[in-house]
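Visitor: Take a look at the following structure, please.
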Amino acid sequence: MELEVKIYNDPILRKKAKDVKEIDDRIIKILDTMKDIMYQKQGIGLAAEQVGLTEKLVVIDLRPNGKNEPIELINPVILESEGVYEEHEEGCLSVPGYYGSVKDRKQGVKVRYLDRDANEQIIETDDFLSVVLQHELDHLNGVLFIDRMSYARRIMFKKQWKKMHSKRGEV
Ligand code: NI
33 MELEVKIYND PILRKKAKDV KEIDDRIIKI LDTMKDIMYQ KQGIGLAAEQ
83 VGLTEKLVVI DLRPNGKNEP IELINPVILE SEGVYEEHEE GCLSVPGYYG
133 SVKDRKQGVK VRYLDRDANE QIIETDDFLS VVLQHELDHL NGVLFIDRMS
183 YARRIMFKKQ WKKMHSKRGE V
């Protein structure tokens, strides 16, 4: 399956994803391809919209022990969230070459999802994984981390992005 990463300004990144109705071969293939892309690009998470699809699919791997330990989330939902995660920098495979400070992440989340065998799973975390989950689930709502930066930083980003891409004639 050939999929490619969609870059900032691609309208697909602004779409709301839909529930997966049935976990069939196609869905499994998409998850496998998304993991391949995530590892290839050395990302820690990827949502389906980033590869041009509008289904609620996310893959994450923080490689906690230095080896691959992927989490595949189908139809993930945040059930609970609490606290405030300290201000930190985020990046995104759809916004290559840019990192920016985000301040409105929650400290802890409880997320419910289906795994590839259609079993319901729950993750409860207040570690960095919490932030990654929020970042990826935002993608499914058409939200990018850029949108969560301060107004001043967003303006700066847009200028920088324009500069970076006008050089290559991609505006
Ligand atoms: Ni992202």
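Position 167 of the sequence shown, counted from 1, bears residue number 199 in my numbering, the numbering being contiguous throughout.
Virtual Cβ for every residue (Gly too), placed ideally from N, Cα, C.
Being a predicted model, the structure only gives us computed values, none of them experimental.
Quick one: is Arg58 buried, meaning 16 or more other Cβ sit within 10 Å of its Cβ, or exposed?
Guide: Exposed, since its Cβ has fewer than 16 Cβ neighbours within 10 Å.
Visitor: Got a sec? Which residues, its chain only, sit under 6 Å from Met33 by beta carbon, not counting five neighbours each side?
Guide: Lys61 and Thr65
Visitor: Between Leu89 and the ligand NI, is the CB less than 7 Å from at least one heavy atom?
Guide: Not one heavy atom of the ligand NI falls within 7 Å of the beta-carbon of Leu89.
Visitor: Let me check understanding here. Comparing Cα to Cα, which of Asp56, Arg180, Gln82 and Pro43 lies closest to Gln128?
Guide: The residue asked about is misnamed: residue 128 is Pro in this sequence, not Gln. If we check each option's Cα against that of Pro128, Gln82 comes out closest.
Visitor: How would you label Leu78, buried or exposed, when you count the other beta carbons within 10 angstroms and need 16 or more for buried?
Guide: Flag for Leu78 reads buried.
Visitor: Output the distance between the C-alpha atoms of Asp136 and Leu45, rounded to the nearest integer angstrom.
Guide: 20 Å
Visitor: Would you tell me roughly how many angstroms separate the C-alpha atoms of Ile55 and Ala184, rounded to the nearest one?
Guide: Approximately 42 Å, taken between the alpha carbons.
Visitor: Any heavy atom of the ligand NI closer than 7 Å to the CB of His120?
Guide: no
Visitor: Which whole runs of the alpha helix (DSSP H) in the region 69-154 are 4 residues long or more, in chain order?
Guide: Listed in chain order, nothing qualifies, since the region 69-154 has no complete alpha helix (DSSP H) run of 4 or more residues.
Visitor: Against chain B, with Cβ distances strictly below 8 Å, would Cys124 count as a contact?
Guide: The question asks about chain B, but that chain is absent: this structure has only one protein chain.
Visitor: Pop quiz: Leu85 and Phe160 are said to be a contact at Cβ under 8 Å. What is the actual Cβ separation, rounded to whole angstroms?
Guide: That pair is no contact at about 26 Å.
Visitor: Evaluate Pro108 with the Cβ neighbour count: other Cβ atoms within 10 Å of its Cβ, from every protein chain shown; 16 or more gives buried, anything less gives exposed.
Guide: buried
Visitor: Tell me whether Lys126, by its Cβ, gets closer than 7 Å to a heavy atom of the ligand NI.
Guide: For clarity, residue 126 is Ser in the given sequence; the question names Lys instead. Because some heavy atom of the ligand NI lies under 7 Å away, the Cβ of Ser126 counts as near it: yes.
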